[in-house]
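Residue numbers (my numbering): 871 to 1053.
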């Protein structure tokens, strides 16, 4: 990041400088000292420091008609490594899709109970019995109805008998959709 030129501090201000100039010099020095140094910042401090790193990388690679990319790194409890996923398409590819054909996948997310089930599964709940312990999900029949719709749309899969998970290839897209819906 370019911050402009700052004069090296001297032990004594120039004797011929006006009070206003000396005050301006001091203010500039204090501002420089208080400004965080991105090179010294830790990873958490520097991650989004006003820099559109994803957009800058995308502009270097995007086709002339534009591109849309989303990506994420999501730690998953019990997994040896976080889910790392990215996906991108050119704007032309997206415009040429039959958008109405995507309604089923989006419709599965369009119910508060199904979103709550996905949230619970993401938080570690994995069986219908565990979901039934929470009153907000309703009866076993109602839970199975919602779970089956989520399975049919690919938002849930069974990894072991009766245990549901959000598949890794759907986790980041789900979080992106939720982030986009939040606005």
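Even glycine gets a Cβ: it sits at the ideal position worked out from N, Cα and C.
Rounded C-alpha distance that separates residue i from residue j
i            : j            : result
residue 984  : residue 970  : 21 angstroms
residue 955  : residue 924  : 14 angstroms
residue 927  : residue 944  : 21 angstroms
residue 1031 : residue 930  : 46 angstroms
residue 1054 : residue 1012 : The first residue shown for the chain is 871 and the last is 1053, placing residue 1054 beyond what the model contains.
residue 982  : residue 997  : 19 angstroms
residue 935  : residue 961  : 6 angstroms
Cβ shell of residue i (< 7 angstroms), same chain only, five flanking positions each side left out
i           : result
residue 958 : 937, 938, 939
residue 994 : 947
Neighbour-count burial assignment, residue i, 16 or more Cβ in a 10 Å radius
i            : result
residue 1016 : buried
residue 991  : buried
residue 1052 : exposed
Spatial neighbours of residue i in its chain, beta-carbon cut-off 8 angstroms, leaving aside the 5 residues before and after
i           : result
residue 914 : With a pLDDT of only 46 at residue 914, under the threshold of 50, the placement of this residue in the model should not be trusted; the figure read from the coordinates follows. Taken in chain order, the list of residues that qualify is empty.
residue 834 : Shown here, the chain extends from 871 to 1053; a query on residue 834 therefore has no answer.
Residue i Cβ short of 8 angstroms to the ligand COA heavy atom set
i           : result
residue 980 : By its list of ligands, the structure shown contains no ligand whatsoever, and the ligand COA lies outside what it can speak to.
Residue(s) in a DSSP beta bridge with residue i
i            : result
residue 1033 : 1030
residue 937  : 960
residue 944  : 953
Cβ neighbours of residue i in the same chain (closer than 6 angstroms, five flanking residues each side left out)
i           : result
residue 963 : none
Original post:
Taking only runs of the beta strand (DSSP E) that begin and end inside the segment 956 to 1016, which ones reach a length of at least 3 residues, in chain order?
Top reply: Runs of the beta strand (DSSP E) inside the segment 956 to 1016: none found.
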